[in-house]
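Visitor: Final position of the sequence shown in this note's numbering is 1620; the numbers increase by one with none missing.
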Amino acid sequence: MSASSELEKAATAYALDAVRLDKQGQKGRAITLYQKAIESLLQLVQLYPEYGLNKVYVQRAVAYQERIKALQGSVSPSEYNQVDSNNDDGGSSATMDGNSGGSGNNGKSKEELVVTEKPKVSWGEVLGLETAKKAVKEAIVYPVQRPDLFPLGWPRGILLFGPPGCGKTLLAAAVATEIDANFYSIDAASIMSKWLGEAEQNVAKLFNTARKSANEGKPAIVFVDELDSLMGAHTNEVGGEIRVRNQFLKEMDGIMDKGKALHVYVIGATNKPWDLDWAFIRRFQKRILVPLADHATRLNMLKHYVGTLQIAADVDLRELARLSEGFSGSDIRDVCQSAQLKLIGEFFESGKAMDKAAKPRALKMVDFRQILEERKPSVSLDMLTSYNRWFEAFKAL
Ligand SMILES: Nc1ncnc2c1ncn2[C@@H]1O[C@H](COP(=O)(O)OP(=O)(O)OP(=O)(O)O)[C@@H](O)[C@H]1O
Ligand SMILES: [Mg+2]
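Below, the structure written as C-alpha cells:
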C-alpha cells in the first residue's frame, strides 16, 4: 500500500474514533485521537503538496485543533455539535439564511456554511459574456417564465467554467436576481472541511430546502463554487468526500426526475473543469465557458470602473483596453482601484488632505500605465488553451 493511502486510512480511522469518543464524553481519549488525526493529515499534506484537497485537509486539521482547545477548556455539552455538527437539532441548517436562530454556539455554526445571500446583481452589471448570458437565459430564465413551452423538460445542472475572476459568480447571481430565486451558495471546500461526520446529510438537507422553496413557488438556485473540490482523487477518504460526492450526484438526479415543473437549479462553478469526472460532467447538461474579456468588454469594464473617478482628458481608455490584453474583469477592477489608491496615497502624503476643501488631482494616463506595467495578467496563455481544449471536448451550450 502506498504511503499516502496508509496515511489517509490512519487519518480517517483516528478522526472517526475521536468523534465517537467525543460524543461519548471521553474527553481525554478524544483529544489524543484528534491529535493523531491532525498529525496524519499534516503528514499527508507535506508528502503531496500539490494535491487539490490539501486545503480541505488543512482546514479539517484546524477544526480538530479547535475542538481540542474546546475540550481542554471547560466545555458544556451543548458545544458538542461543533464537531458533530448536526446530530441533535433536527435540521437548523434547513433554514440556512444566515441569521435565523441557529445553534447559538460561539464557534462556527452551520449557518455559516451555507450562505443565502440575496444577490442583487443585474444583467447589466455583467459586462460582455454575451454567449454565456444567452446560454444561461435559455437554460434557466425562459423555462422559469414559460415552463409550458418546454414539453421535453430543460436542464437543471449548469456548469460555468473558465479562468478566475471573469464573472462566473457574478453571472450566477444575476440569474438568481432575474428569476427572483432563493440563492443557496455553498463552497464545496467548506462542505468538506466543516461538515464533519454526516456531511452528506447536510447536502441532503440543503437540497430539501431548495425543493421546498420551489414547491412553494419560489425557484431555487443551489450555487456550488469550487465544484472541483468535491472530487477526491485519492483512494481513501479522510472524512466523507466520497459519500458527499455521491449524495450530491444523487440529489442532482433527484431534481432532474421530479415533477417536470420543479424549478431547482444547480449552478456549479470551477476553474479546473479537467478535475471533474464524467459522472459530474454528465449531470451538468449545460456547460458554459465564461471566457476572458475581449477588447470591447475590457473597454466597457474600464468605462464602468473609472465612472466614479476623476480622470484627466489624456486618459485613452481604448489604449488601456489594448494594454490590458489577457486581464480578467477582476484584474481590471484592481488596476483602476490601484491607480486611485496610489493617487490618494500621494495626496495624503503631500499633507493637502488635511484641508477638507482640497481635492486630489485627476488620474492621468501615466498613472494607469504605471500600474499596468507593474502587473501581470492573472491568467496565462497556457491556461486559456487548456480551457478551450476542455470546452471543445465537453461543450454543451
Ligand atoms: N464580466 C464581468 N463584468 C463585470 N465585472 C466583472 C466581470 N468579470 C469579473 N468582474 C469583476 O471581478 C469580480 C470577480 O468576479 P467573479 O467573482 O464573478 O469571478 P469568478 O469567475 O467567479 O472568479 P473565481 O473563479 O475566482 O471565483 C467581480 O465582482 C467584478 O467586480
Ligand atoms: Mg467565483
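Every residue, glycine too, gets a C-beta built ideally from N, C-alpha and C.
No experiment lies behind these values; they were computed from the predicted model shown.
By how many angstroms is the C-alpha of residue 1434 removed from the C-alpha of residue 1378?
Guide: In the sequence shown, residue 1378 corresponds to position 155, counting from 1. In the sequence shown, residue 1434 corresponds to position 211, counting from 1. Distance between the alpha carbons of residue 1378 and residue 1434: 16 Å.
Visitor: Taking 7 Å as the limit, name every residue whose beta carbon sits nearer than that to some heavy atom of ligand 2, in sequence order.
Guide: 1391, 1392, 1448, 1492
Visitor: Thinking C-alpha only, which one of 1374, 1269, 1253, 1292 is nearest residue 1231?
Guide: On the sequence shown, residue 1231 is found 8 positions in, with the first residue counted as 1. Checking every option, the nearest Cα to that of residue 1231 belongs to 1269.
Visitor: Measure the C-alpha to C-alpha separation of residue 1424 and residue 1227 and round it to an integer number of angstroms.
Guide: Stepping through the sequence shown from its first residue, residue 1424 is reached at position 201. Stepping through the sequence shown from its first residue, residue 1227 is reached at position 4. Between residue 1424 and residue 1227, the C-alpha separation is close to 27 Å.
Visitor: For residue 1486, which residues of its own chain have a beta-carbon under 6 Å away from its beta-carbon, when the five flanking residues on both sides are left out?
Guide: Within the sequence shown, the letter at position 263 stands for residue 1486. Cβ contact annotation for residue 1486 (same chain, cutoff 6 Å, sequence separation greater than five): 1367, 1437, 1442, in chain order.
Visitor: Using three-state DSSP, classify residue 1598 as helix, strand or coil.
Guide: By 1-based counting over the sequence shown, the position of residue 1598 is 375. Three-state result, residue 1598: coil.
Visitor: Can you tell me whether residue 1524 sits near ligand 1, meaning its C-beta is under 7 Å from at least one heavy atom of the ligand?
Guide: Counting from one through the sequence shown, the residue named residue 1524 turns up at place 301. At least one heavy atom of ligand 1 is found less than 7 Å from the C-beta of residue 1524.
Visitor: Where DSSP assigns a beta bridge to residue 1519, which residues make up the other side?
Guide: Here the question's residue 1519 lines up with position 296 in the sequence shown. Note: residue 1519 sits in no beta bridge, so no partner.
Visitor: For the beta strand (DSSP E) that residue 1278 lies in, which residues bound it at each end?
Guide: For the purposes of this step, residue 1278 is taken as the residue at position 55 of the sequence shown. Element bounds for residue 1278: not the beta strand (DSSP E) but the alpha helix (DSSP H), 1277 to 1295.
Visitor: Between the C-alpha atoms of residue 1449 and residue 1410, what's the straight-line distance to the nearest angstrom?
Guide: One-based indexing of the sequence shown puts residue 1449 at position 226. One-based indexing of the sequence shown puts residue 1410 at position 187. Spanning the two alpha carbons is a distance of roughly 6 Å.
Visitor: Determine the DSSP secondary structure at residue 1477, reduced to helix, strand or coil.
Guide: In the sequence shown, the residue the question calls residue 1477 occupies position 254. Correct three-state label for residue 1477: helix.
Visitor: Below 8 Å, can you find three or more Cβ-Cβ pairs linking the stretch 1266 to 1285 to the stretch 1239 to 1252?
Guide: Cβ pair count under 8 Å is below three, so no.
Visitor: The alpha helix (DSSP H) with residue 1561 in it runs from where to where?
Guide: The count along the sequence shown starts at 1 and reaches residue 1561 at position 338. 1552 to 1572 is the span of the alpha helix (DSSP H), which, as asked, contains residue 1561.
Visitor: Please go through the same chain and pick out, in chain order, the residues whose beta-carbon is closer than 8 Å to the beta-carbon of residue 1364, but skip the five residues on each side of it.
Guide: Counted from its first residue, the sequence shown places residue 1364 at position 141. The answer, listed in chain order, is 1398, 1401, 1402.
Visitor: Going by Cα to Cα distance, which pick from 1615, 1589, 1556 is closest to residue 1389?
Guide: As a first step, residue 1389 must be located in the sequence shown, where it is residue number 166. For residue 1389, the nearest C-alpha among the options comes from 1556.
Visitor: Check residue 1509 in the structure and name its three-state DSSP category.
Guide: The residue given as residue 1509 occupies position 286 in the sequence shown. Note: residue 1509 maps to strand in three-state DSSP.
Visitor: In three-state terms, what does DSSP make of residue 1238?
Guide: Taking the sequence shown and counting its residues from 1, one reaches residue 1238 at position 15. Reduced to three states, the DSSP call for residue 1238 is helix.
Visitor: Quick check on this structure: which residue in 1471, 1537, 1536 has the alpha carbon closest to the alpha carbon of residue 1506?
Guide: Residue numbering aside, residue 1506 sits at position 283 when the sequence shown is read from its first letter. That would be 1471, whose Cα lies nearest to the Cα of residue 1506.
Visitor: What separation, rounded to the nearest whole angstrom, lies between the Cα atoms of residue 1589 and residue 1525?
Guide: If you number the sequence shown from 1, residue 1589 lands on position 366. If you number the sequence shown from 1, residue 1525 lands on position 302. Taking the straight line joining both Cα atoms gives about 15 Å.
Visitor: Report buried or exposed for residue 1541, applying the criterion of at least 16 other Cβ atoms within 10 angstroms of its Cβ.
Guide: As a first step, residue 1541 is located in the sequence shown; it is residue number 318 there, counting from the start. The residue in question, residue 1541, is exposed, as its Cβ has fewer than 16 Cβ neighbours within 10 Å.
Visitor: Evaluate the contact criterion for the stretch 1548 to 1564 versus the stretch 1595 to 1607: three or more CB pairs, one atom per stretch, below 8 Å.
Guide: yes
Visitor: So residue 1447 is in the alpha helix (DSSP H); what residue range does that whole segment cover?
Guide: Locating residue 1447 in the sequence shown gives position 224, counting from the first residue. Note, residue 1447: premise wrong, no alpha helix (DSSP H); beta strand (DSSP E) at 1443 to 1448.
Visitor: With residue 1410 as the anchor, note down where its beta strand (DSSP E) starts and where it stops.
Guide: Here residue 1410 refers to the residue found at position 187 of the sequence shown. Element bounds for residue 1410: 1405 to 1410.
Visitor: If I follow the unbroken beta strand (DSSP E) through residue 1271, where does it start and stop?
Guide: One-based indexing of the sequence shown puts residue 1271 at position 48. Segment: none, residue 1271 is in no beta strand (DSSP E) and carries neither H nor E.
Visitor: Is residue 1254 closer than 8 Å to residue 1288 when the C-beta atoms are compared?
Guide: Walking along the sequence shown from the start, residue 1288 turns up at place 65. Walking along the sequence shown from the start, residue 1254 turns up at place 31. It is not a contact, given that the beta carbons lie outside the stated cut-off.
Visitor: Leaving out the 5 sequence neighbours to the left and right, which residues in its chain are closer than 8 Å to residue 1348 when beta-carbon positions are compared?
Guide: Position 125 of the sequence shown holds residue 1348. Once the five neighbours on either side are set aside, the close Cβ partners of residue 1348 are 1393, 1397.
Visitor: For residue 1384, write down the residues that DSSP places opposite it in a beta bridge.
Guide: Here residue 1384 is taken as the residue at index 161 of the sequence shown, counted from 1. The partner list for residue 1384 (beta bridge, DSSP) reads 1493, 1512.
Visitor: Identify the residues that DSSP records as bridge partners of residue 1219: which are they?
Guide: Residue 1219 lies beyond the stretch modelled for the chain, which goes from 1224 to 1620, so this question has no answer here.
Visitor: If you measure from the CB of residue 1352, is any heavy atom of ligand 1 nearer than 7 Å?
Guide: Along the sequence shown, read from residue 1 onward, the residue named residue 1352 stands at position 129. Correct: residue 1352 has its Cβ closer than 7 Å to ligand 1.
Visitor: Out of curiosity, what's the CA-to-CA distance linking residue 1454 and residue 1468?
Guide: On the sequence shown, position 231 is the one that residue 1454 refers to. On the sequence shown, position 245 is the one that residue 1468 refers to. The alpha-carbon atoms of residue 1454 and residue 1468 are separated by roughly 7 Å.
Visitor: Any chance the CB of residue 1559 is under 7 Å from a heavy atom of ligand 1?
Guide: Counted from its first residue, the sequence shown places residue 1559 at position 336. No, the Cβ of residue 1559 stays beyond 7 Å of every heavy atom of ligand 1.
Visitor: Nearer than 7 Å: is that true of the beta carbon of residue 1388 relative to any heavy atom of ligand 1?
Guide: Residue mapping note: residue 1388 aligns to position 165 of the sequence shown, counting from 1. Yes, ligand 1 has a heavy atom inside 7 Å of this Cβ.
Visitor: Less than 8 Å between the C-beta atoms of residue 1385 and residue 1516, yes or no?
Guide: Position 162 of the sequence shown holds residue 1385. Position 293 of the sequence shown holds residue 1516. It is not a contact, given that the beta carbons lie outside the stated cut-off.
Visitor: I need the DSSP call for residue 1606, collapsed to helix, strand or coil.
Guide: Here residue 1606 corresponds to residue number 383 of the sequence shown, with the count starting at 1. Of the three classes helix, strand and coil, the one that applies to residue 1606 here is helix, per DSSP.
Visitor: Can you tell me which of the three DSSP states residue 1619 falls into?
Guide: What you label residue 1619 is simply residue 396 of the sequence shown in a count that begins at 1. Correct three-state label for residue 1619: strand.
Visitor: Does residue 1429 come out as helix, strand or coil in the three-state DSSP assignment?
Guide: The residue you call residue 1429 lines up with position 206 of the sequence shown. Residue 1429: helix per DSSP, three-state reduction.
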